[in-house]
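For reference, the structure discussed in these notes is given below.
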Amino acid sequence: MKILSPGITAQKVNGALKIQTKSHGLPSLSVGEVVEAEILENPSAGNIPILFKNKKTTVYSDLPFKKGEKIAVKVTQLHPKVILRIVSDDIFRGSNVMNALRSFRSNPKMLSSFFMDATAIFNPDNIGEFEPLIGRENIQNINERIASLIFSRESLKNPFFLKNFIHQLGYLFEKEIGEALKNKPGRVLSIKNAGQTLKALLLKISGRLQAQTAGDRFPGSEKLAEFVRSGLTAIETHQGLNYLLQEQEGKYMFQIPLLFPESMGMAEIFVNFNNREDTEKKGRKKQSVLICLDMDALGRIVVETVIEKKKMYCTLKCKDHNIANFISPLLTELGQTLENLGYKLGHLKCSVTTAGVRAKHAVDALQPLFAQDSVDFLV
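So in my numbering, the last one in the sequence shown is 531, and the numbering has no gaps at all.
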């Protein structure tokens, strides 16, 4: 959000503001100060009248504010621009969600890093002295859950892999527990199913490890407990991130660990329910799916897919003709698999392009969301 003093006009140029006259009349501010602003009118072309320190001021913002909302911001910089960071507001509904956004921005690969280490750490052959503490059954359950969440050649046989991934990782853990407590029929089964998610299993052993960190019987338990907490943080970060994406843009983002013959990679999958209000009115269901792959042998590959009802349009993009020549013969088998699942193909092709492959990672795609975490005031 960029603030304009009364009487000043501004023109948006390449995402910035060109100020026509010198700003004046702003209230005094100091670094570290927390200020409340009230939204006086709904945004019009990005311009929003607000009440700021008892002064009416016009600001510019891409955020979806509404008339009557109040936001609290903290002054972090005064020159050359006044920079404020959102402390709490009605849009984000609490600091936990915003903390998830900041956590992901600082370490976007935290979930894939956890999976890479977890397969070795929770291997029954490596767990050693911690087996009595964690429990053989818990170790077995964690290993099975981790294996089910990694996409491999075996996963190709499961058309519901992504659906299972969302449930088994723990994205819906709190929701499932809450619904189970509300509904008596099937409550025990629902709680049992939620308890087998990776998040639930990590929470269970985290409690056991925490009880032992102060003791001498398991001297390495503190380090293992920290690793388990990092896994829980990674999962909760993705829960918060997807909450924001769904609320603000109607999107979801999933990071899927990929198992290659000699290493583990990651696929970033973005699902966008295009124009949700329009499609609901017209009775048409349209989704776009963006899959970003980064592999040692093939480099970066982007898969852009649009699904409308049961018709699919799919384009794979790479930056080298040799890679395209390798992929193209495999599309026949992929197309047959999709048709067996009930889809009709509008097109399925592989193209060579540099622009379509560049800057297609989560941090780049989520920049509009990250921008909502700060406010720029022009003095």
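Idealized CB from N, CA, C, for every residue including glycine.
These numbers were taken from a predicted model, which means no experiment stands behind them.
| message | I'd like to know whether the C-beta atoms of Ile279 and Ile291 end up nearer to each other than 8 Å. | response | Residue numbering aside, residue 279 sits at position 127 when the sequence shown is read from its first letter. Residue numbering aside, residue 291 sits at position 139 when the sequence shown is read from its first letter. Result yes, Cβ atoms of Ile279 and Ile291 sit closer than 8 Å.
| Going by other Cβ atoms of all chains shown within 10 Å of its Cβ, with 16 needed for buried, is Ala449 buried or exposed? | Here the question's residue 449 lines up with position 297 in the sequence shown. So Ala449 counts as exposed.
| query | By Cβ distance, which residues of its chain are closer than 6 Å to Leu384, with the 5 residues on each side in sequence left out? | reply | Looking up residue 384 in the sequence shown gives position 232. Result list for Leu384: Leu354, in chain order.
| Between which two residues does the alpha helix (DSSP H) containing Ile298 stretch? | What you label residue 298 is simply residue 146 of the sequence shown in a count that begins at 1. Note, Ile298: alpha helix (DSSP H), 288 to 301.
| message | Assuming contact is defined by CB atoms lying nearer than 8 Å, are Gln407 and Ser264 in contact in what I supplied? | response | Within the sequence shown, residue 407 is the residue found at index 255, counting from 1. Within the sequence shown, residue 264 is the residue found at index 112, counting from 1. In this structure, Ser264 lies closer than 8 Å to Gln407 by Cβ.
| query | Looking at the structure shown, is Glu185 part of a helix, part of a strand, or coil, going by DSSP? | reply | Taking the first residue of the sequence shown as position 1, residue 185 is located at position 33. In the structure shown, Glu185 sits in coil (DSSP, three-state: anything other than H, G, I, E or B).
| field | Per-residue DSSP class, three states only, for Leu500 | value | The residue given as residue 500 occupies position 348 in the sequence shown. The answer is strand: DSSP assigns Leu500 an E or B state.
| message | Tell me the DSSP secondary structure of Thr489 in three-state form. | response | Position 337 of the sequence shown, counted from the start, is the residue given in the question as residue 489. In this structure, Thr489 counts as helix in the three-state DSSP scheme.
| Separation of Gln348 from Arg297, as counted between CA atoms | If you number the sequence shown from 1, residue 297 lands on position 145. If you number the sequence shown from 1, residue 348 lands on position 196. Those two C-alpha atoms are separated by around 8 Å.
| message | The beta strand (DSSP E) that contains Asp446, what's its start and end? | response | Numbered from 1 along the sequence shown, position 294 holds the residue referred to as residue 446. From DSSP, the beta strand (DSSP E) with Asp446 extends over 438 to 447.
| Does any C-beta atom of chain C lie closer than 8 Å to the C-beta of Phe282? | Checking the listed chains, one finds no chain C in this structure; it contains a single protein chain.
| When DSSP labels each residue in this structure, what does Leu397 get in the three-state scheme? | Taking the first residue of the sequence shown as 1, we reach residue 397 at position 245. Leu397 falls in the helix class under three-state DSSP.
| request: Might you give, ordered along the chain, the residues of its own chain that have their beta carbon closer than 7 Å to the beta carbon of Phe312, omitting 5 neighbours on each side? | output: Your numbering for residue 312 matches position 160 in the sequence shown. Contacts found: none.
| field | Same chain only: Cβ atoms within 6 Å of Lys463, ignoring 5 sequence neighbours per side | value | Along the sequence shown, read from residue 1 onward, the residue named residue 463 stands at position 311. Excluding sequence neighbours, Lys463 sits near Lys496, Gly498.
| task | Look at the alpha carbon of Ser526 and the alpha carbon of His390, and state the distance between them as a whole number of angstroms. | result | Here residue 526 corresponds to residue number 374 of the sequence shown, with the count starting at 1. Here residue 390 corresponds to residue number 238 of the sequence shown, with the count starting at 1. Note that Ser526 scores 48 on pLDDT, short of 50, meaning its location in the model is unreliable; the coordinates nonetheless yield the value given after this. In a straight line, the C-alpha of Ser526 is about 20 Å away from that of His390.
| task | For Ser307, count neighbouring C-beta atoms within 10 Å of its own C-beta (all shown protein chains included) and say buried if the count is 16 or more, exposed if not. | result | Residue numbering aside, residue 307 sits at position 155 when the sequence shown is read from its first letter. Burial call: buried.
| said: My output table needs one value for Ser415: the three-state DSSP class, helix, strand or coil. | reply: Within the sequence shown, the letter at position 263 stands for residue 415. Of the three classes helix, strand and coil, the one that applies to Ser415 here is coil, per DSSP.
| 8 Å Cβ cutoff met for Ala476 and Cys444 | For the purposes of this step, residue 476 is taken as the residue at position 324 of the sequence shown. For the purposes of this step, residue 444 is taken as the residue at position 292 of the sequence shown. For the 8 Å CB-CB criterion, Ala476 and Cys444 do not form a contact.
| Mind checking whether Phe379 and Asp472 have CB atoms under 8 Å apart? | The residue labelled residue 379 in the question sits at position 227 within the sequence shown. The residue labelled residue 472 in the question sits at position 320 within the sequence shown. No; because the gap between Cβ atoms is not below 8 Å, this pair is not in contact.
| said: For the beta strand (DSSP E) containing Lys344, name the first residue and the last one. | reply: Along the sequence shown, one-based indexing puts residue 344 at 192. Segment 339 to 346 is the alpha helix (DSSP H) holding Lys344; no beta strand (DSSP E) there.
| query | Run through DSSP, which three-state label would Leu361 get? | reply | Looking up residue 361 in the sequence shown gives position 209. Of the three classes helix, strand and coil, the one that applies to Leu361 here is helix, per DSSP.
| message | With the cut-off set at 8 Å, would you say Ala224 and Phe204 are in Cβ contact? | response | Position 72 of the sequence shown, counted from the first residue, corresponds to residue 224. Position 52 of the sequence shown, counted from the first residue, corresponds to residue 204. For Ala224 and Phe204, no; Cβs fall outside 8 Å.
| request: Check whether the Cβ atoms of Leu468 and Ile479 sit closer than 8 Å, and answer yes or no. | output: Indexing the sequence shown from 1 puts residue 468 at position 316. Indexing the sequence shown from 1 puts residue 479 at position 327. For Leu468 and Ile479, yes; Cβs fall inside 8 Å.
| said: Along the chain, where does the beta strand (DSSP E) containing Thr457 start, and where does it finish? | reply: In the sequence shown, counting from the first residue as 1, residue 457 sits at position 305. Start and end: 451 to 460.
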